[in-house]
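Chemist: Quick note on numbering: our numbering labels position 223 of the sequence shown as 223, and the sequence is numbered without any gaps.
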Amino acid sequence: MWRIGRAALVLNRRQHTRLFSASIPGPCIVHKRGADILHDPWFNKDTGFPLTERDRLGLRGLLPPRIISFEQQYERFMESYRSLEKHTRGAPTNVVSLAKWRILNRLHDRNETLYYRVLIDNIEDFAPIIYTPTVGLVCQNYGGLFRRPRGMYFSAKDKGEMMSMIYNWPSPQVDMIVLTDGSRILGLGDLGVQGIGIPIGKLDMYVAAAGMNPQRILPVMLDVGTSNQKLLEDRLYLGLRQPRLEGEEYLSIVDEFMEAVHTRWPKAIVQFEDFQMKWAFETLHRYRKRFCMFNDDIQGTAGVALAGLLGAVRAQGRPLSDFVKQKIVVVGAGSAGIGVLTMAKQAVSRMAGNNEMAANNPFWLLDKDGLVTKDRKNIDPAAAPFARGFGLGEIDGLGEGASLVEVIKKVKPHVLLGLSGVGGIFNEEVLKAMRESDSARPAIFAMSNPTANAECTAADAFKYTGEHIVFASGSPFENIKLGNGKIGHVNQANNMYLFPGIGLGSLLAGARSISDGMLQAASEW
Ligand SMILES: NC(=O)c1ccc[n+]([C@@H]2O[C@H](COP(=O)([O-])OP(=O)(O)OC[C@H]3O[C@@H](n4cnc5c(N)ncnc54)[C@H](O)[C@@H]3O)[C@@H](O)[C@H]2O)c1
Ligand SMILES: O=C(O)C[C@H](O)C(=O)O
Ligand SMILES: [Mg+2]
1 MWRIGRAALV LNRRQHTRLF SASIPGPCIV HKRGADILHD PWFNKDTGFP
51 LTERDRLGLR GLLPPRIISF EQQYERFMES YRSLEKHTRG APTNVVSLAK
101 WRILNRLHDR NETLYYRVLI DNIEDFAPII YTPTVGLVCQ NYGGLFRRPR
151 GMYFSAKDKG EMMSMIYNWP SPQVDMIVLT DGSRILGLGD LGVQGIGIPI
201 GKLDMYVAAA GMNPQRILPV MLDVGTSNQK LLEDRLYLGL RQPRLEGEEY
251 LSIVDEFMEA VHTRWPKAIV QFEDFQMKWA FETLHRYRKR FCMFNDDIQG
301 TAGVALAGLL GAVRAQGRPL SDFVKQKIVV VGAGSAGIGV LTMAKQAVSR
351 MAGNNEMAAN NPFWLLDKDG LVTKDRKNID PAAAPFARGF GLGEIDGLGE
401 GASLVEVIKK VKPHVLLGLS GVGGIFNEEV LKAMRESDSA RPAIFAMSNP
451 TANAECTAAD AFKYTGEHIV FASGSPFENI KLGNGKIGHV NQANNMYLFP
501 GIGLGSLLAG ARSISDGMLQ AASEW
């Protein structure tokens, strides 16, 4: 599926050129003059302005005399990027990644036309820099990296002001908004206002992969405080220095924002991103019938994971209808894990009929307290539908809180899927236990981000479970050389292969809401 995803990304590149060139400011009315144009990344062409435009727009004398074409500027940027790569070779990965992010971010802040052309043409190289995993590092260091504002910030201090604030955004039309409150950034936890890096990176993928007009996207941070004590004590922290709001006080901020944004742009699509679990489900339930919105961590992830689960059946050389016979162990019962199981259960019910599902529950769900069963005390209502202990398909000897190794040894699952946020929990013992899978090609999906939070590396999965596995991860890993010329192929199971299509499809269809059926269709496409 994800290879198709890449094809879709590449396909979009060609489409995108048409779309993008259609949407990027060609001959348009520019109401700015002189230095204001040079300082506006939407309109700036740097040294590419021809003499006629320099005269007409009051730029003569504000640029070096020589006119450098777009293509020459492109080559010049790529040369400086490749030179950076050469001169940082051997430096620590984080240092290199942040240096690459900085050179791309400077271009983004200066000349968006050139930036998106460069990004689209080099998407496989640059996605891991402007998106996962590097974007996680950027969010962690945002206080020191911040140079030029991008997007809008609505804070708890703006209560009652949002309806007027929304008109401060310079673009008359906004199609796509990615919104976060910074409460669960990737697997890095509460990063407060520094989480703005995620909406910016996600929207870059909308432009690069779906051809969205960069002048009609809007990254938004809802700064409702943070529970991250380290940030509250950090002198460079740019957000509200207060504990994170809770309860109705919190929801009133989100309510006011959603009202304000849809007053100005009634058809704007809002993607909720990286909200902590309780608000991820609550806000999805609260808004999905009133606005065109979705939660990417719950629904986008579910779509991508279902695509991968169906792809794993195909990779195991079995008919898709065998999906209902797949035994699937999911580690992580948060917004992502529950989202995946909910969609997978819908797919099984659709394929096999509800009574079959009850009889042979094919899912085992674990969280930080082990296997979730009906004996769990104070079970999370979201996890309850997946608690073991019902139906005839019970495998004896697996009680409440059973460990992952116990579950694998008893169940011999076809699929082991991680959305725990905890790096390395698919350790050698777990991965070796997967050798006993009932599948000739067990699937291991280490979907947590960023890389350090992946449940296992690709190398360990191939090394300990064997070279016949189907492997996918949330953050990119290189393919593995297995020796004798054989390659262990690594897929990327990331919702970036789904949300650009969901947003673009909803926009082009003029959808008033985003249904589960749309996400199912996207995952089966
Ligand atoms: N690949 C993707 O497209 C994608 C999409 C969404 C989320 N994610 C990643 O998934 C991870 C979780 O996201 P979330 O929103 O569900 O987080 P969350 O905090 O809502 O849930 C985490 C879950 O993992 C469980 N857990 C924690 N430690 C555990 C352990 N040692 N063993 C078993 N379970 C454990 C917790 O009990 C909780 O149920 C993050 O790293 C996130 O980046 C990846
Ligand atoms: O941001 C990503 O890379 C995927 C996902 O939305 C996540 O929260 O991990
Ligand atoms: Mg996310």
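Beta carbons: idealized from backbone N, C-alpha and C, even for Gly. As the structure is a prediction and not an experimental result, all values here were calculated from the model.
Can you give the Cα-Cα distance for residue 38 and residue 420, rounded to whole angstroms?
Modeler: Approximately 46 angstroms, taken between the alpha carbons.
Chemist: Figure out for me which residue from 193, 49 and 244 has the closest Cα to the Cα of residue 279.
Modeler: Ranking 193, 49 and 244 by Cα distance to residue 279 puts 244 first.
Chemist: Just reading off the alpha helix (DSSP H) that residue 105 is part of, what are its end residues?
Modeler: First-last of the alpha helix (DSSP H) with residue 105: 93-110.
Chemist: With which residues is residue 219 paired in a DSSP beta bridge?
Modeler: In the DSSP output, where bridge partners are listed per residue, residue 219 has 178.
Chemist: Would you check if the distance between the CB atom of residue 150 and the CB atom of residue 214 is smaller than 9 angstroms?
Modeler: Their beta carbons are not under 9 angstroms apart, which means residue 150 does not touch residue 214 by this criterion.
Chemist: Out of 431, 304, 442 and 409, which one is the CA nearest neighbour of residue 316?
Modeler: Comparing Cα-Cα distances from residue 316 to each of 431, 304, 442 and 409, the minimum goes to 442.
Chemist: Can you tell which of 411, 349 and 335 has its C-alpha closest to the C-alpha of residue 383?
Modeler: Taking only the C-alpha atoms, the option nearest residue 383 is 335.
Chemist: Between residue 287 and the rest of its own chain, which residues show a CB-CB distance below 7 angstroms, the 5 nearest in sequence each way excluded?
Modeler: So the list reads 258 and 293, once near-sequence residues are dropped.
Chemist: Entirely within the region 427-511 and at least 3 residues each: give me those beta strand (DSSP E) ranges in chain order.
Modeler: Segments of the beta strand (DSSP E) lying fully in the region 427-511: 443-446, 470-473, 480-483, 486-488 and 490-492.
Chemist: Go through its chain and collect everything with a Cβ distance to residue 7's Cβ below 8 angstroms, but skip five positions before and after it.
Modeler: Because residue 7 sits at a pLDDT of 38, beneath the cut-off of 50, its placement in the model cannot be relied upon, and the following sentence gives the value as read from the coordinates. Cβ within range, chain order: n/a, list empty.
Chemist: Let me know if residue 9 comes out buried or exposed under the rule of 16 or more other beta-carbons within 10 Å of its beta-carbon.
Modeler: With a pLDDT of 39 at residue 9, under the threshold of 50, the predicted position of this residue should be treated as unreliable, though the coordinate-derived value follows. Residue 9 is buried by the Cβ-count criterion.
Chemist: What is the chain-ordered set of residues for which the beta carbon lies under 6 angstroms from any non-hydrogen atom of ligand 3?
Modeler: In chain order, the hits are 273, 274, 296 and 297.
Chemist: Do residue 407 and ligand 1 come close, with the Cβ less than 8 angstroms from some heavy atom?
Modeler: No, since every heavy atom of ligand 1 falls outside the 8 angstroms radius drawn around the Cβ of residue 407.
Chemist: DSSP three-state label for residue 514, please.
Modeler: Reduced to three states, the DSSP call for residue 514 is coil.
Chemist: Nearer than 8 angstroms: is that true of the beta carbon of residue 186 relative to any heavy atom of ligand 2?
Modeler: Because some heavy atom of ligand 2 lies under 8 angstroms away, the Cβ of residue 186 counts as near it: yes.
Chemist: Rounded to whole angstroms, how far is the Cβ of residue 99 from the Cβ of residue 113, which I believe are closer than 8 angstroms?
Modeler: Their Cβ separation, rounded to whole angstroms, is 23 angstroms, which puts residue 99 and residue 113 out of contact at 8 angstroms.
Chemist: From residue 2 to residue 491, what does the alpha carbon distance come to, in whole angstroms?
Modeler: Residue confidence for residue 2 is low, a pLDDT of 44 falling below 50, so the modelled location carries little weight; the figure read from the coordinates is stated next. Cα to Cα, the separation comes out at about 6 angstroms.
Chemist: Which partner residues of residue 271 appear in the DSSP bridge assignment?
Modeler: Answer is 178 and 294.
Chemist: Nearest-angstrom Cα distance between residue 203 and residue 518?
Modeler: Cα-Cα distance, rounded: 20 angstroms.
Chemist: Helix, strand or coil for residue 188 per DSSP?
Modeler: Correct three-state label for residue 188: coil.
Chemist: Any idea what DSSP makes of residue 399, helix, strand or coil?
Modeler: It is coil, neither helix nor strand.
Chemist: Comparing alpha-carbon positions, which option in 62, 40, 227 and 41 lies nearest residue 50?
Modeler: With distances taken between Cα atoms, residue 50 lies closest to 62.
Chemist: Roughly how many whole angstroms lie between the Cα atoms of residue 542 and residue 327?
Modeler: Outside the shown range of the chain (1 to 525) lies residue 542, about which nothing can therefore be said.
Chemist: Output the distance between the C-alpha atoms of residue 156 and residue 193, rounded to the nearest integer angstrom.
Modeler: The alpha-carbon atoms of residue 156 and residue 193 are separated by roughly 12 angstroms.
Chemist: Determine the direct distance from the alpha carbon of residue 434 to that of residue 412, and round the result to whole angstroms.
Modeler: C-alpha separation (whole angstroms): 7 angstroms.
Chemist: Report whether the distance from the Cβ of residue 368 to the nearest heavy atom of ligand 1 is below 8 angstroms.
Modeler: Checking every heavy atom of ligand 1 against the Cβ of residue 368, one is found closer than 8 angstroms.
Chemist: Is it true that the CB of residue 269 sits closer than 9 angstroms to the CB of residue 503?
Modeler: For residue 503 and residue 269, yes; Cβs fall inside 9 angstroms.
Chemist: Quick check: does the Cβ of residue 448 come within less than 8 angstroms of any heavy atom belonging to ligand 2?
Modeler: Under cutoff, so the answer is yes.
Chemist: Under 8 angstroms from any heavy atom of ligand 1, does the C-beta of residue 205 make it?
Modeler: For ligand 1, not one heavy atom lies less than 8 angstroms from the Cβ of residue 205.
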